[in-house]
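Q: Mind having a look at this structure? Questions to follow.
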Amino acid sequence: MSKIAIIGASYLQLPLVRKAKEMGLEIHCFAWDKDAVCKEEVDSFYPISIVEKEKIFQICQSIEIDGICTIASDVAAPTVSYVAEKMHLNANSYQSAVNANNKYIMRDLLSQAEIRCPKYKMIQSLQDASSEEWEYPLIVKPTDRSGSLGVAKVMSYEELCSAVEFALSVSFEKQVMIEEFIEGREISVEFISYKGVHYPLQITDKVTTGAPHFVELEHHQPSTLSPVQFSEIYDITQRALNSLGLTDGASHSEYKITDDGKVYVMEIGGRMGGDFIGSDLVKLSTGYDFVKGVIDVALNKFEVPKLSQQVFAGVYFLCKQTERLLPIFNNITRYEEVIKSEITENVLRDVNCSSDRSGYLIYQTDYKFEI
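Residue numbers for the sequence shown follow my numbering, so the first one is 34 and each next one is one higher.
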């Protein structure tokens, strides 16, 4: 029986754990005990922080794992690559995982490859922010967090100071990016790579709260972009992955497209998209089992993806801004399009980051499903 190590044990990793179990693998999972919902579903659980890469390596070495992976976690990705590199297993190099995990390094490498990005600057203190002259509006974000945590659009110096202070407080490395605000349509792109060959899977249209925090409210596949735009985005993504050195596993790339058609890379992640994009929507819309693909890459058993269908799939999130969804949640059995739904909290909040959302519903249809 092959042994797989999974980094992280939150609800984000449940699809990975369950797929590994379905594949008959022996599962070793590493994460803090708090909120470790995967704990009861794995063969062995180790209550170790996912950033303790050397400790995790030592245990994985003693177990003699055959592969290591994670999904939808920026923080876990460098640990996966560190252990894989040490054990000569298949994964992105550790340096490439660091490149994709730090928004400042990422921007530098993309810019060097002449891939269009917003103008940017990295700062490490409020004093750094006050020493510059800025042209508003701007986006402030931690260099090393995800889920829209610490992201804010600012219109003035006073707002800038407040946003920088908060972004610094949530950044692991106490680094913050200040960048030009790009107005445009938001999309994301899912790829899977093996030995440096990149395979496009799907493009997702995104709906967010807008300013100031841009938290995702909806994701829909496939995007309504034209075939020509699909081709352009796929080409840019392959160049971006190469510039960061990402060679193996899932990737999630985020873009904005301006009214005059310019494509700006916002972020490239060396992992599949969260918010059910990678774990559910890609398979629903294309027929390709993306989660199994990630495991196959880790075990060196990858097969070229076959996209067997092209239908519509998406997710709506419940919060104060989407209160209109409540009648559907309360009468969910009437909607045969809904594949899965859950209300996680009874209180609906105005969202500042993705963890503020109170539920979701996932759909699949042969037609465009709009609420």
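Quick reminder that beta carbons are idealized off the backbone N, C-alpha and C, glycines included.
Quick caveat: nothing in here was measured; it's all calculated off a predicted structure.
Counting Cβ pairs, one atom from each stretch, are 3 or more of them under 8 Å apart for the region 274 to 284 and the region 223 to 240?
A: Verdict: yes, contact present.
Q: CA-CA distance, residue 324 and residue 393?
A: Within the sequence shown, the letter at position 291 stands for residue 324. Within the sequence shown, the letter at position 360 stands for residue 393. In a straight line, the C-alpha of residue 324 is about 20 Å away from that of residue 393.
Q: Compute the Euclidean distance between the alpha carbons of residue 147 and residue 210, then round it to the nearest angstrom.
A: One-based indexing of the sequence shown puts residue 147 at position 114. One-based indexing of the sequence shown puts residue 210 at position 177. In a straight line, the C-alpha of residue 147 is about 19 Å away from that of residue 210.
Q: Where do the N-terminal and C-terminal ends of the beta strand (DSSP E) with residue 100 fall, by residue?
A: Position 67 of the sequence shown holds residue 100. From DSSP, the beta strand (DSSP E) with residue 100 extends over 100 to 102.
Q: Name the one or two DSSP bridge partners that residue 213 has.
A: For the purposes of this step, residue 213 is identified with residue 180 of the sequence shown, where counting begins at 1. DSSP, once it has assigned bridges, lists 171 as partnering residue 213.
Q: For residue 69, which beta-bridge partners are listed by DSSP?
A: Locating residue 69 in the sequence shown gives position 36, counting from the first residue. For residue 69, which the question treats as bridged, DSSP gives no partner whatsoever.
Q: Taking 8 Å as the cut-off, does the region 100 to 114 touch the region 324 to 336 (at least 3 CB pairs, one atom from each stretch)?
A: As far as the Cβ criterion goes, the region 324 to 336 touches the region 100 to 114, which means the pair count is three or higher.
Q: Taking residue 83 and residue 40 to be in contact with their CB atoms under 8 Å, please state how far apart those CB atoms are, rounded to whole angstroms.
A: Within the sequence shown, numbered from 1, the residue matching residue 83 stands at position 50. Within the sequence shown, numbered from 1, the residue matching residue 40 stands at position 7. That belief holds up - the Cβ atoms of residue 83 and residue 40 are roughly 5 Å apart, short of 8 Å.
Q: With DSSP as the reference, identify every bridge partner of residue 28, one or two as the case may be.
A: Because the chain here runs from 34 to 404, residue 28 falls outside it and cannot be looked at.
Q: Distance, Cα to Cα, residue 86 vs residue 115?
A: Along the sequence shown, one-based indexing puts residue 86 at 53. Along the sequence shown, one-based indexing puts residue 115 at 82. If I take the Cα positions, the gap works out to 7 Å.
Q: What are the boundary residues of the alpha helix (DSSP H) that residue 39 is part of?
A: Taking the sequence shown and counting its residues from 1, the one referred to as residue 39 is at position 6. Taken as a continuous stretch (DSSP letters only), residue 39 belongs to no alpha helix (DSSP H), being part of the beta strand (DSSP E) at 36 to 40.
Q: In three-state terms, what does DSSP make of residue 241?
A: Here residue 241 corresponds to residue number 208 of the sequence shown, with the count starting at 1. In this structure, residue 241 counts as strand in the three-state DSSP scheme.
Q: Which residue wins for smallest C-alpha separation from residue 149, given the options 295, 170, 238 and 108?
A: What you label residue 149 is simply residue 116 of the sequence shown in a count that begins at 1. Of 295, 170, 238 and 108, the residue nearest in Cα terms is 295.
Q: Mind checking who residue 345 pairs with in its DSSP beta bridge?
A: As a working note, residue 345 is residue 312 in the sequence shown. Beta-bridge pairing links residue 345 to 398.
Q: If you follow the beta strand (DSSP E) that residue 288 is part of, which residue opens it and which one closes it?
A: Along the sequence shown, one-based indexing puts residue 288 at 255. Segment 282 to 290, the beta strand (DSSP E) holding residue 288.
Q: Does the beta-carbon of residue 396 have 16 or more other beta-carbons within 10 angstroms, so that it is buried, or is it exposed?
A: Translated into the one-based positions of the sequence shown, residue 396 becomes position 363. By the 10 Å Cβ count, residue 396 comes out buried.
Q: Look up residue 150 in the DSSP assignment and say whether it is helix, strand or coil.
A: The count along the sequence shown starts at 1 and reaches residue 150 at position 117. In this structure, residue 150 counts as coil in the three-state DSSP scheme.
Q: When burial is assigned at 16 or more other CB atoms within 10 Å of the CB, is residue 139 buried or exposed?
A: The residue you call residue 139 lines up with position 106 of the sequence shown. Per the 10 Å Cβ criterion, buried.
Q: In its own chain, which residues sit with a C-beta less than 8 Å from the C-beta of residue 204, not counting the 5 before and 5 after it?
A: Your numbering for residue 204 matches position 171 in the sequence shown. Result list for residue 204: 175, 176, 177, 178 and 183, in chain order.
Q: Give me whichever residues DSSP pairs with residue 310 in a beta bridge.
A: If you number the sequence shown from 1, residue 310 lands on position 277. Residue 310 is not bridged to any residue.
Q: In chain order, what residues of the same chain have a beta carbon less than 7 Å from the beta carbon of residue 44, not counting five sequence neighbours either side?
A: Here residue 44 refers to the residue found at position 11 when the sequence shown is read from its first residue. Excluding sequence neighbours, residue 44 sits near 70.
Q: Exposed or buried, what is residue 293 when buried is set at 16 or more other beta-carbons lying within 10 Å of its beta-carbon?
A: Mapped onto the sequence shown, residue 293 falls at position 260. The residue is exposed, with fewer than 16 neighbouring Cβ atoms inside 10 Å.
Q: Taking the alpha-carbon of residue 36 as reference, which of 246, 106, 93 and 306 has the nearest alpha-carbon?
A: Counting from 1 along the sequence shown, the entry for residue 36 is found at position 3. Among 246, 106, 93 and 306, the Cα nearest to that of residue 36 is on 93.
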